[in-house]
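Visitor: Numbering (UniProt numbering), first residue to last: 1 to 469.
Built from N, CA and C at the ideal position, the CB exists for glycine as well.
1) Among 186, 306, 182 and 39, which has the Cα closest to the Cα of residue 233?
2) Please work out which residues of its chain come closer than 7 Å, Cβ to Cβ, to residue 192, disregarding the five sequence neighbours upstream and downstream, and give them in chain order.
3) For residue 227 and residue 331, I'd like the C-alpha separation in whole angstroms.
4) Would you call the region 135–150 in contact with the region 300–314, where contact means no fewer than 3 C-beta pairs closer than 8 Å?
5) Determine the extent of the alpha helix (DSSP H) in which residue 225 is found, giving its start and end residues.
6) DSSP state of residue 469, grouped into three classes?
7) Quick check on DSSP: helix, strand or coil for residue 70?
8) Where residue 436 and residue 221 are concerned, what is the direct C-alpha to C-alpha distance, given to the nearest angstrom?
9) By the DSSP assignment, the alpha helix (DSSP H) with residue 470 in it spans what residues?
10) Between which two residues does the beta strand (DSSP E) harbouring residue 380 extend?
11) In terms of alpha-carbon separation, which member of 312, 299, 301 and 298 lies closest to residue 292?
12) Evaluate residue 285 with the Cβ neighbour count: other Cβ atoms within 10 Å of its Cβ, from every protein chain shown; 16 or more gives buried, anything less gives exposed.
13) Rounded to whole angstroms, what's the CA-CA distance from residue 79 to residue 13? Just pull it up for me.
14) Can you give me the start and stop residues for the beta strand (DSSP E) that residue 422 sits inside?
15) May I ask you to report which of helix, strand or coil DSSP gives residue 355?
16) Could you check what DSSP says for residue 2 in three-state terms: helix, strand or coil?
17) If you draw a straight line from the C-alpha of residue 82 to the C-alpha of residue 69, how long is it?
18) Assess contact between the region 28–40 and the region 49–64, defined as three or more Cβ pairs (one per stretch) separated by less than 8 Å. Is contact present?
19) Among 379, 388 and 159, which residue has its Cα nearest to the Cα of residue 465?
20) What's the gap between the Cα of residue 382 and the Cα of residue 392?
21) In terms of alpha-carbon separation, which member of 244, 113, 238 and 314 lies closest to residue 256?
22) Runs of 3 residues minimum, wholly inside the region 359–402: which ones carry the beta strand (DSSP E) assignment?
23) Rounded to the nearest angstrom, what separates residue 290 and residue 180 at their Cα positions?
24) Per DSSP, which residues does residue 36 bridge with? Please list them.
25) Would you call the CB atoms of residue 434 and residue 400 closer than 8 Å?
26) Beta-carbon within less than 7 Å of residue 449's beta-carbon, same chain only, minus the 5 sequence neighbours each way: which residues are those?
27) Tell me which residue opens and which closes the beta strand (DSSP E) that residue 492 is part of.
28) Taking 8 Å as the threshold (C-beta atoms), are residue 138 and residue 10 in contact?
29) Locate the beta strand (DSSP E) running through residue 120, then write down its first and last residues.
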């Protein structure tokens, strides 16, 4: 790099320190490469600061308060349990701060050189970083773009930070009278956070149901919970948004009828755009799609032979698990090794109440693909541990190929669904059959016994649920 009149080179320049970027930087440095990591703001990216971690942390605080109230039926005496919002958000900041400090220490301990600032490419081997330390020039052999993405505003309705806010901003502004526009991951995550705080708000979506990548039955417990919390949900064929002074008016087309609602705040979930503006890609051979996401080929290569790209900047849309994997795999490639093999399945998780976790084919998608499948389910009402801790909402569902019994998909909705899913992810990756899970002893009493029972149900062999006749 060049600081003043001093010029130093680096093997690998990594732009962006979200899950993909910092993982790649640490792994590459540990394999002997000289790595410089440039980040515009906090280490950890959206996942750590505005997404998975803070949302999960806050929802857990509010659920604990509800659990204490419910536990009175179990003999626990704890009257007046409530949440101090200020302290809850301070706890969230503490959690995020600890994890960010951990990433920083991992970078330092691995020998990663860190720069804070905005990075712009001058050529296929040079970049300039503008930050608190002034202007710094970097000469690199290879570069990795992991700059992430951001929420896309509605056409003609830009985010203003007060009336129309993006889902990341809504994390700290979950106000009464908010309208959430959309039924995707970001919209429902913010909805779950607001519902946990007993806020009154509205969800407006266009599809036949929210989270259309899931089977509708997986959503029923979540929708029931929204209804219990007083959340209004509207399915509209189209809508028009207008600013009206200090409010937003949304005109809806619902089953050939016009409806109008006003909101104090609007949170649109309109997809993502890549953080490629200002990167100076025009000074390189890197190509982007029409929507701005970077085009990559084999081994994460862009059209520029010295520049790679991973994560959301390529249109991955916010899956941290995949980002970590891509970072590790690309680091191996940069170190002259073979990259990690492609995964068969990507686990998806939703911090709703109850939690939703999904991996592989849903029943709907499998049948649409022409696959003849058998399906098994097991409710938590029949699981010993779930009953003992008062967490009986939800079930586990497994989808398997009928001819081979090979597990194609596993899905869970309920308490600790995220952790329960991992057995299904491993089963799909290994090409396991239903019998492999059924014949494996599961510890008792555990929630994961529901996975075994769902597989047994698909085979018509579950002894712990009533036989359908």
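Guide: If we stick to the structure as given:
1) Residue 233 has its Cα closest to that of 182, out of 186, 306, 182 and 39.
2) Excluding sequence neighbours, residue 192 sits near 59, 351, 352 and 353.
3) Each residue's alpha carbon lies about 47 Å from the other.
4) Yes: the two stretches touch, three or more of their Cβ pairs being nearer than 8 Å.
5) Where residue 225 is concerned, the enclosing alpha helix (DSSP H) stretches over 216–228.
6) Residue confidence is low: residue 469 scores 42 on pLDDT, short of 50, so the model does not pin down where it sits. Its coordinate-derived value is still stated next. Look at residue 469 here: in three-state DSSP terms it is coil, with no helix or strand label.
7) Looking at residue 70 - three-state DSSP - the assignment turns out to be helix.
8) Near 29 Å, if we compare the C-alpha coordinates of residue 221 and residue 436.
9) The question about residue 470 has no answer, for the chain in this structure spans 1 to 469.
10) Residue 380 -> no beta strand (DSSP E), and no H or E assigned at all.
11) The option with the nearest alpha carbon to residue 292 is 312.
12) In the assembly as shown, residue 285 is an exposed residue. Its beta-carbon has fewer than 16 other beta-carbons within 10 Å.
13) Their Cα atoms are separated by approximately 55 Å.
14) Note, residue 422: premise wrong, no beta strand (DSSP E); alpha helix (DSSP H) at 417–430.
15) Here residue 355 carries a strand assignment [DSSP, helix/strand/coil].
16) Because residue 2 carries a pLDDT of 47, less than 50, the predicted location of this residue cannot be relied on, and no value is offered for it.
17) When only Cα atoms are considered, residue 82 and residue 69 end up about 9 Å apart.
18) Two segments are said to touch when three or more pairs of C-beta atoms, one from each, lie closer than 8 Å; by this definition the region 28–40 does not touch the region 49–64.
19) Here the closest residue by C-alpha is 379.
20) Cα to Cα, residue 382 sits roughly 8 Å from residue 392.
21) The shortest C-alpha separation from residue 256 is found at 238.
22) Within the region 359–402, the complete beta strand (DSSP E) runs of at least 3 residues are 373–379 and 394–401.
23) Rounded to the nearest angstrom, the gap between the Cα atoms of residue 290 and residue 180 is 27 Å.
24) In the DSSP output, where bridge partners are listed per residue, residue 36 has 13 and 113.
25) Yes, Cβ-Cβ distance for residue 434 and residue 400 is below 8 Å.
26) Cβ within range, chain order: 383 and 442.
27) Residue 492 lies beyond the range of the chain shown here (1 to 469); nothing can be said about it.
28) A contact, by the Cβ cut-off of 8 Å.
29) 118–121 is the span of the beta strand (DSSP E), which, as asked, contains residue 120.
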